[in-house]
Structures are given as structure tokens and as C-alpha cells.
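Residue numbers (the numbering used here), protein chains in the order written: chain H, 1 to 262; chain W, 1001 to 1388; chain B, 2001 to 2292; chain S, 3001 to 3321. Working notes, beginning with the structure itself.
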Amino acid sequence: MTENQNILEANSLTMSFGGLTAVANLSFCLRKGELVGLIGPNGAGKTTVFNMLTGVYAPTEGSILLNQGDKKQAISGLPPYKITQKGIARTFQNIRLFNKLSVLDNVRIAFHFSRSYSMFHSFFLTPLFWREEKKITADATELLALLRLEERKNDLAKNLSYGEMRRLEIARALATHPQILLLDEPAAGMNPQETEELSELINLIREKFSLTILLIEHDMSLVMKLCEKIMVLDYGMMIASGTPEEICHSKRVIEAYLGEEV
Amino acid sequence: MKKKGLVVAIVAVLVLTVVVYFAFFAGKSKQANTNGKVVKIGFIGPLTGGAAAYGINAKNGAVIAIDEINAAGGILDGYKIELLIQDNRGDTSETLTIMNKLIDQDKVVAIIGPVTTGPTTVAADIAGQKKVPIVSPTATGDKITSLSDYVTRVCFYDSYQGLIMGKFAADNLGKKTAAILFDNTNDYSMGLADAFARTFQELGGTVVSNEAFSEGDQDFNAQLTNIAAKNPEVVFVPAYYSDDAQILLQARALGIDAIFLGGDGWDSQELINGAGVAAEGCYFTTHYSPEDTSEKVQNFLIKYKEKHQSEPNFAAPLAYDAALLLADAIERAGELDSVKINNAITETSGLSGVTGEFSFDENRNPIKEVTIATVKDGKFALVDKVRP
Amino acid sequence: MGLFVQQIVNGLALGSIYALIALGYTMVYGIIRLINFAHGDIYMIGAFVGYFALTTFNLPFGVSLVLAMLIPAILGMLIERVAYRPLRKSPSIAVLITAIGVSLLIENLAILWFSPDPRPFPQIFPNMPLDFFGIKISIPQIIVFLTSVALMIALNFLVQKTKIGKAMRAVSQDKEAASLMGIDTDRIISLTFAIGSALAGAAGVMVGVIYPRIQPLMGVMPGLKAFVSAVLGGIGSIPGAMLGGLIMGLTESLVTALISSTWRDAIAFGLLIVILLVKPSGILGKSTREKV
Amino acid sequence: MAQQTKKNSTYDGYIALASALLLLILNLILVSGKMPAYYSGILGFMGINIILAVSLNLINGIAGQFSLGHAGFMAIGAYVSALISIYLQWPFIVALLCGGLAAAFIGILIGLPTLRLKGDYLAIATLGLGEIIRVVILNLDITKGARGLTGIPRTTTIFWVEAIAIITVIVTINLMRSTHGRALLSIREDEIAAEAMGINTTYYKVFAFATGAFFAGIAGGLFAHIMGYIAPKNFDFMRSIEILVIVVLGGLGSITGSIVATIVLTVLPEALRGFAQYRMVLYSAMLIMMMLFRPQGLLGTRELKVSDVFKFFSGGGERDD
């Protein structure tokens, strides 16, 4: 396996809702270990791309291929939970935590398929149940420690601060053992200090779990600093892609953002 | 805020508990006031819920009888009857609980009720098990008295009435085609409809249309339109009076001029109040006729109106008779022993009540005359009294 | 063929009553997302108000109808103020249980006050059929149908053309935005209850006219059916409620006539489930997509 | 470690609860022979209501699927087990299980399409399904329609009811603590996020529906064999509402809440018996008051633990949800 292998290929993805085309004929590849930024003005179709990649929407046209080892498999049209099980995890732009459950439980839920046991064991509390539950709790606690949430593990998710919620979403996504992590505006609503910490955190988890990360973000400084490659979307079409420097100097990108106060 | 809510909730529960205890002790002290010589009889019927109209009438009828008996010095040399009234909402599981309560807790010697067939089915089983007789005023389901030896009723059973009406339609009225419109969520209605159809066909008639409706229906136009298309000579509607009034009105509005026939469910002043001229000329079987000039009937009607400011429906005189029957049986049994009382009930013969003279067949169904009534000039009129 | 048309006529008369009750459901659901279980009982109260106005007080029909709309309207506002408004921020299921409680309370109080005996509703219009080319339509059926249609047209005018109607639509779209625009949302919700309840009250009188029997539990089944009608037509949509009510009435009438009344409820609910599965937003409702 | 002891005490609470219930049942077995039928009858209905409430709570409170058709499943269990007892004379427990399985089967059959719906729409659809089941029973010959089914052996004893109620409670509580229970909870909290965590939400929704239906079916079987007579009227829409009221009053998602509410709501009408016609008025007024002052139910989403009882008696019983 080489470092530069494509882990994900999206081929001419199109998504239309009724008459409205949110994403048109979009193709791109993610290489293993890459950290790619997906930017574009509001309503450009960025979150729609995430929703197609994670199975929330089935693309109207086009295909998504996931490379695992040697085999390529089409994942477009699969239900979200299957895609998650195949190794793509995500966070949500408008935070979607399990509000009335504890922080720890939020993470434990995400171990659902990777560390599962049959119904029988949960009905009768067999030794296997206790063993597995102990492991799940230990692993979850470890992840929480990594994301500096350990002290809050018994609090309800809805009582967390904004930054903590964003981190918990990341912890939860990591617990599904992803190869590809999709982060939807992880820095939204954060102050510069928090954003700084977040960028360190992203680098840390990327190293630790050898992740491929696709990131939607409006904070340009974060994107420029973090990403090796940037894709720019406007009106559902890719208008540019390349290194941060190339993007900065792309005429089309500047045009697209003109008038937009970012 | 949350704590306040919890406190309020707890206080509410506590207050209720206190209320309950109060009710409990109030009940106890009332017993103490009657100086020992008391016979307890239970009453079970729907005082709330959909069948409440019958339950409340039955309760009122039974109370009138008990008051009369007590005013006349009670039974068994000075024993007063205490009627313990329980609401079963027409529900079978409530009935089970109440049967247990009346028999185990309150130690009643006999029970009047339940009023409707479903609950009586459940009560019959327990009555047999615990050997405490029940006398149902109005449960007409064919099978209920065969469920246990401790169930008696003072009304006719379903197929008996259907049979009489079928005969009346074919023989007395000389009709050849009939339509049936019945409530198929109600066993009473189904029983009458079956028996009517069987008898009418045996006697050479044809049932040209068999339509059903469900409890609580308001609109019978669809069924009546179908019936109108078949143009029958008579329409048999074994249902309760409020449905019947509706059906009559809607039938006349659709231009159906057939003769309408029914069962004891028709017997209420409300039928005429509701249907008006549409009710003219219909026939139905019933237990007694309010037009009956006998002292017993008129006396009952006067008392009922005096006490309740309303006209009784058929459940009231039947419950009255059920109470009379029980009092008579206890008197004859000579002691407060449920088994002996039950024997005395079955041996009853010639006891005269508001709804006729009572004797019982081997299944503890009453052998008494069936009244056939009609509506003439806005009033009920007696047509015939039929003996089986 | 004549028989079939006759059944359609019957269905339309029944359907117009369902439609009147369904309107109240749909308006209340549209504005605060509450299945107001007590709505069927308000309809019952309307019938009783009409009854007492016509019999005890000997008032003319028009006045009785107005009273039978006015008193339920006040009752509807009162219920909203006392039982639902304090729960505006509670989970919807708690409000639903409260609504069930209110429904049971009204029913049982009515049994206590009015006695459970069914009462015959006075016959105001001659109970005779008019013959239209072999199709028999009774005078009460015509009165009910015309009154219902008139009330629905009036309601549509109110909602589409007046300022209050605009405010109501705004509140049902987005309560917070509406209150930012200076709309007193509580007042509008209260008003919605009043209008919905008034229509239910009118339906109660209509039922008295066409099926002249009233009793305290008369609202339970029609209430349920009317709600199904509202969902069928697209909940929150006023033309939807009318359409749903008429479809419901027609279906019931035709099923009873052609199959059997015993399967009627099953088929009515079956129809509902099919609609929900095929087009969850109802026939005339707008579908909304959850934002991810 | 402080955290560790806290966790342990929670578990202790559950274990203590379970053993308290077990003790109760032992007592019941001991006294059931002597107990007046009035009390054992009420306890029987209470047990059946506990099974119904806990199983509905699994669907409504834990998986967050708003179902209003529970009486329908109860009816299937009641009729299937009663018919087996009458015509095949299989052992009681087998008849019960068949009733439960039949209910679960129908639950899966109708759950698969309808569980695509959400919230109030699902509630109305399940209400409709419950009514359809009732109408079908009303129209079948084998069920004897409106006449009702008589001659069911009255095999249900207080022992069976309480034993099955306790099994239901323990199995449900165990399930809630496992990964499968958390999967159900996550669906209640946010279905889209649950899918994103790799949870097959359709599977779990149908699972909750089927399990709830299974226990409701068993409860129906117990009911049929306690009454000896069942009719479609026993399983109408008001019955579903009654169960829902218990669940909401106890607190959606709280198993112990369901138990407490069942006890209150079984004893309350019994206690109000003396008020005859005023009884239902008082009951409904109470219901409204409860919801106004405590809309999240008696216990909210939390469970009552033995330690709470001690805390209550030592004066510090108040805590937040």
C-alpha cells in the first residue's frame, strides 16, 4: 500500500432536489492520509457533498467508490449506518449530540458496531456482557481524555459548552474507528484561542489514527494553515482545486467570493 | 420549579390517599349506624361510559324496590336491605374486581346485575365459583345463564325475542319479505337478528337484505339506501331506542315506508320523542307496557318519575323486579345463606312484578308473557301478549 | 347507478360534517403541533348548546347556531389558556396526555350534567326527501351541506384575505419570527382555538339537524375520524381538511354500502396508513425535508 | 476512585430493586393462597399493567417511537393464546408464548412500513393499526366477533403475572444498560446522528416494536386467562390510551417510573370507587393537574434507586433530573 493511494473516489456526483440542482457533476479523489479542505460560499453545496458521502442522500447521478486494501467498492446509495461501518465518520454542522444522555454514553453509543455482542448477552448479563462493557467504557474514557472531555463525562451532553460539544462530536466520530473523517465546520462559533487548539487537535488525531480528513470550514486561516489541498465549490460545481497557495491566487475563486464578506 | 412540581405531585397523591381513607372510614361508620340487622346485596352496572343510560336506570329501579321493601319493614323479620352500588363502566375487568370486592370484602349474599351481557359473562363464572347468586336485570345474551348455576335473569334472552318477532311478522302481519339492520358490534343485536331471520325463513318468508352497523354510528343512510333498493315489506331493527329513532327518521327521509319491527331495546318514551311520526305503526317486543293500567305498573312509574324527574327506560322495571325477586327468595330461603337463596330463586313461581309473573325454566330464564307493542298517535299501545 | 349516486349524496352530507370538525384540528395542529383530543368533545358541547337553546330557551335556529358557535369558542380559548398554554415548552407527548385528560374531563362532566341518556335533537326542518331524478336528498342534508360550505368559504376568506388570517399563517410558519414581527402569538393561538372550536360547535348543531340524537360521548369517534380526515388532506392545510373530510365521508358511505359497515373503520384507517406511507404530508400538504 | 463507587452504587440500586421485587413475589406466593380474591385480582391487573406499561415504554420512551396501538398487540396475544388454550389445550406457558410471538410477528409485519413515519404521524398510524386489528377480530368467525370468546380456562394466577412482570422489568432494564439499549436511546435522541454512528435504526426500531409487541401479547394472554372471557371491546383505543397515560405519568424512558405510575393508577380508581359517578371526573382532573405541574412525569427519564429511598427518608430526597 502506498501513501498516495486514492482511498475515496467520487465520480461525477449530481444531487438535485426537485428542480433544484445542489451539486452538479462533481468529481474528486481523496488520497490516503490527506487533509483536504472543502470551501465555498454559503449554499454552494458543501454539506450536500457530505450528505452524499455519508449516505444521508443518495446521489441523483454518479458514484462514490471506497478503496479498502485492494478492493474498490461502490458506497453510493448505501444507508448511512453501512457507510459508517465501512469507515467514513462525520460531524454535523448544526451539532447533533444525544442531548439527554451523558457525555460518556454519547461516545459509548459510537462503539455500537465495532464492539458488539448479541441481544442474548444483554438480556441475561452474561460474563461476556460485563467484559465488553468494561472495554467499551475504558475505550470511551480514553477517547474523552484525548479530547479533554474526561472531567465532563458524567454530564449531560446538552450542558456542555459550544466548544466542548464540537469536540464531543469529534470524539464520537472517532469511536466508530473511521478511516475517513468528515468535519463539517468544526470551528464554527469558536474564538481564536479555541480555533487554535482545535487545529492542534485535528493534527493530533490525524497522526494518531492515521486518518484521511475532509473538512468544511469558513475560517480561511484555519483552512489555509491545516489543509494540504483545497477544493472550492460554487453553485454546486467545483471551480478550483489545488494547494492553498494556488487557491489564494485563483481568479475564479476570488470572483466567487467577491461581494461575499467572509 | 422542578422541585415544586414534584412536591405538588406528592401532595396531590397524599391528599387523594387521605380522601380515600376518609371514604373508607365513612363507609365503615355508615354500616355501624344500622344496628346490625342488615342484609347486603350488591348492584353492578355501568354508571359511567357508553352504556350508562341502562346502568343508571337499572340502579334507580333497584333502589326504588329496596326502599319500598325497607319501608315495609324489611325482610326476615326486621332485616333491612343495604344495596351496595358499584360502577363497572361496562368493562369486564372492572366487573371481575367488583365481583371479588362485593363477595370477599363486603360479604354480600346476592348481587343484582351486571346490566350488560359481556360483564355478566365474567360475573357468571365467579358467581358459580363462590356460590353467590347473581340476578341480571337486562343481560339478554343466550348463553349467560348456562355458564353457571348461580346466574338468573328477569329479562328474555335474545333468540326468544327474535323468534317471537319473526313469528309475528310472518303469521300475524302476513309479510313475505324482510330486511334486517343490526348492530354487529353488539351481541344482543346479533342474537335477535339471527333468531328473527331463522324463524321468518322457516315460516316461508325471505330475508332480502341483511345490513349491519357499528355502535355509535349516527349515519345509517348507506345501509338504508341499500335496503330501500330491495323494497322489503318489513324491516327488523334489533337495536337500542336511540339508534332506532335515528334509523326511523333517516329511513323515512329516504322514502322507505316499510313496517319497522324491533325488540325490547325500542321500549322508551325517547323513541317517540326522537322519531316523532316516523315511529308510527312500528311493532316491537317488550317486557311490559307503560300503558298497562295495573296498579303495580302505574305505581312504579309514578314513583320513578317522582324520584328521578324522568321517564324510565326498560332497564328500570326489570331491575326493580330483580330486586323483588331477590327479596322474595331470601324470605323463602329463611336465612342468609347464598346457596339456599339461589335455590329459592330457581323455585320462584308466580311472583308478580312490574314486567309480569315470574317462573323460571331449567336454565333460570324467566317464563313470562312477551308484550308486543306498537306506536299509535304518538303513544305506545299494547297489541298482544304472547305466551311461549 | 342511481344507487351509487344516492350513496355519494349520503357521503357528501356526512363528509361535510367531518370537514367542519377537521378544520379545527388542522388549524390547531398547524399552529401549535398539538393533536387536540378535546376537539371532538367541543363538538359535543356545541350540539348540547344548540339543543338547550332550541328547546329550553326556544330560540330561533339562527340564534341557536350562533350561540352554539360562540360558547364552544369561549370554551376552546379557556382550555387553551388553562391546560395547553402552560405546557407550550413541554414535550409534545405531555401536551397530548393533557389533551386526553381534558377530553375525558369534558366527557365525564357532560355525563354528570346532561345525563348519559341520548337526547333527541328537535327537528327544525321537515324530514322529507326531495326527489332529483330518482335521487332522494332530504332537506336536512341540503341545509347541512350548504351551511358547511358557507362556513368553509367564510373561513377561507378569513385566513387568506384578512389581517388576522395573515397573522395566523405567519405564526404557523414560524412562531418566533412572527413574534419578532410584532404579532402577539398567544393572542393568535387563542384566536385559532376560538375559530376551530366555533366550527366544531357548528358541526355539533349540523349533526343534530341531520342525525337528530345527541349524547355526551358523541364526539369520540367523529373526533377521531375528523382528525384522520385532517391528516388525509394534509394537516395544516385548510382546503386539505375540507377535501379530507369529504373523502372520509364518501369512503365510509361507499364502504358501508358496497362492502359492509363492519369493515368501514378498518378501511378508513387503512386508507390513512396508505396515504401516510405514500405521501406522509397528506394529499394537499407540503412536504418538508429535515435539514441535516 | 469516586467515579467508580458512584457507578457501583447505581448498579447496586438496580440489583436491590430487582431483589426487592423478588422478595415481593416470594411473599406473594406465600400469601396468595390466603389472599382474598379482591386483592389478588387487583394485584393481577396491576402486574399485567406493569408488563404493558414497561413494554410500551420500550417503544415510546426508550426508542422514542410514538405508538398508540398497544391494545392491538395485547388483543393479538389474548386471542391467539386463548384460542390455543381452548382448541389445542397446549400448556398455559406455551399458549402465552405463542400469543406473544404472534403479536411480535404482526408487530414486525406492520412495523416495517410504518416506522418510516415520525412523531404524531406515527402515532396516528399506529392508532389506526390498533383499530384495524380490533375490527378484524370483530369480523372473524373464530374469534366469535362482538359476542366475545368464552370458556377460556382461568389459569392465570398471581404467581404467573408477577413472575412475568418481573422478568419483563429485569430484561428491559438489562437491555437498557447494554449497547443495544444505548442504540435505542440514540434513536430517540437523534435518528440521523444515530445512523451516523453506524446504528441500523430501522432494525432497532422494528426490534423495539417487536419486543414491545411481544410483551404486550404476553400481557394479553395473561389477561385472557384471568378473565375467562374476552371481547373486542376490551382492546379498544381507550385501552391504548390508558397504557400511554401510565407511561407518560411515570416518565417516558423510566422503567421504575412506569411501575410507580401503574401502582398509583391501579390503586387510584379502586380507591375512588366510593365516588361512583364522580370517579372518572376526578381521575381526568388529576391527570391534567399532574401534567401541568410535572409534564416530564413522576420520575422524568431517570430510574428510582434504592439509594433515593434512603435519601428521601434521611431528608435529602430532592434532586434534579
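Where is the CB? At the ideal position from N, CA and C, for every residue including glycine.
Shown here, W/GLY1350 sits in a strand according to DSSP, grouped into three states.
In terms of Cα proximity to H/VAL223, the closest of H/TYR117, H/VAL253, H/ALA187 is H/ALA187. If you look at H/VAL232, you'll find it in the beta strand (DSSP E) that goes 229 to 234. Under the Cβ criterion of 9 Å, S/MET3227 is counted among the residues facing chain W.
Contact of B/ILE2111 with chain S is assigned, a C-beta pair being separated by under 9 Å. By the CB criterion at 9 Å, S/PHE3235 and S/ALA3075 fall inside the cutoff.
The Cβ neighbour count for W/SER1359, taken over all protein chains shown within 10 Å, is under 16; the residue is labelled exposed. By the criterion of a C-beta distance shorter than 8 Å, W/LEU1203 is surrounded in its chain by GLY1166, LYS1167, ALA1170, ASP1171, once the five residues flanking it on both sides are discounted.
DSSP, read as helix, strand or coil, puts B/LEU2243 in helix. Listed along chain W, the residues sitting closer than 7 Å to B/LEU2217 by beta-carbon distance are GLY1050. Look at the segment 3175 to 3190 of chain S: the residues with a C-beta under 8 Å from a C-beta of chain H are LEU3175, ARG3177, SER3178, THR3179, HIS3180, GLY3181, ARG3182, ALA3183, LEU3185, SER3186, GLU3189, ASP3190. Only those residues of the segment 3110 to 3129 of chain S whose C-beta falls short of 8 Å from the nearest C-beta of chain W would be listed, and there are none.
Shown here, H/LEU160 sits in coil according to DSSP, grouped into three states, outside any helix or strand. Under a 10 Å Cβ-count criterion, B/ILE2153 is classified as exposed, with fewer than 16 other Cβ atoms of the shown protein chains found around its own Cβ. Taken atom to atom, the span from the alpha-carbon of S/ALA3193 to that of H/PRO80 is near 10 Å. For W/ALA1258, the secondary structure class from DSSP, reduced to helix, strand or coil, is coil.
Residue contact check for S/MET3286 against chain H: no CB pair falls below 9 Å.
Selection W/VAL1297, W/GLY1274, W/PHE1260 evaluated against W/GLY1281 yields W/PHE1260 as nearest (Cα-Cα). For B/GLN2007, the enclosing alpha helix (DSSP H) covers residues 2002 to 2032. For a cut-off of 8 Å, the C-beta gap from W/GLY1205 to W/ALA1178 is around 6 Å, short enough to register as a contact.
For the 9 Å CB-CB criterion, W/ASP1194 and W/SER1242 do not form a contact. Spanning the alpha carbons of W/ALA1322 and S/ILE3084 requires a straight line of approximately 38 Å. At a cut-off of 9 Å, the C-beta of B/ARG2088 has no neighbouring C-beta in chain W.
Rounded to whole angstroms, S/TRP3090 and S/THR3172 show a C-alpha spacing of 28 Å. DSSP, read as helix, strand or coil, puts H/MET238 in strand.
Between S/VAL3247 and S/SER3258 the beta-carbon gap is near 6 Å, inside 8 Å, which marks them as a contact. A distance below 7 Å between beta-carbons, with the five flanking residues on each side excluded, links W/ILE1056 to the following residues of its chain, in chain order: LEU1047. Residues of the segment 1242 to 1260 of chain W with a Cβ closer than 7 Å to any Cβ of chain B, in chain order: SER1242, ALA1245, GLN1246, LEU1249, ARG1252, ALA1253, LEU1254, GLY1255.
Just so you know, the alpha carbons of B/PHE2125 and W/MET1099 end up roughly 49 Å apart. Note: H/GLY37 is bridge-paired with H/LEU215, H/ILE230 in the DSSP secondary-structure output. Beta-bridge partners of W/VAL1135 (DSSP): W/ILE1112, W/THR1152.
DSSP places H/ASP105 in the helix class (H, G or I) of the three-state scheme.
At least one CB atom of chain S sits nearer than 9 Å to the CB of W/VAL1122.
Sequence-distant partners of W/ASP1219 (beyond 5 residues in either direction) whose C-beta falls short of 8 Å from its own C-beta, in its chain, are GLN1250. The residues PHE3073, ALA3103, ALA3104, GLY3107, in chain order, have a CB closer than 6 Å to that of S/ALA3213 in the same chain once the five nearest residues on each side in sequence are set aside.
When C-alpha distances from B/ALA2073 are compared across B/ASP2131, B/LEU2199, B/VAL2278, B/ASP2265, the shortest belongs to B/LEU2199.
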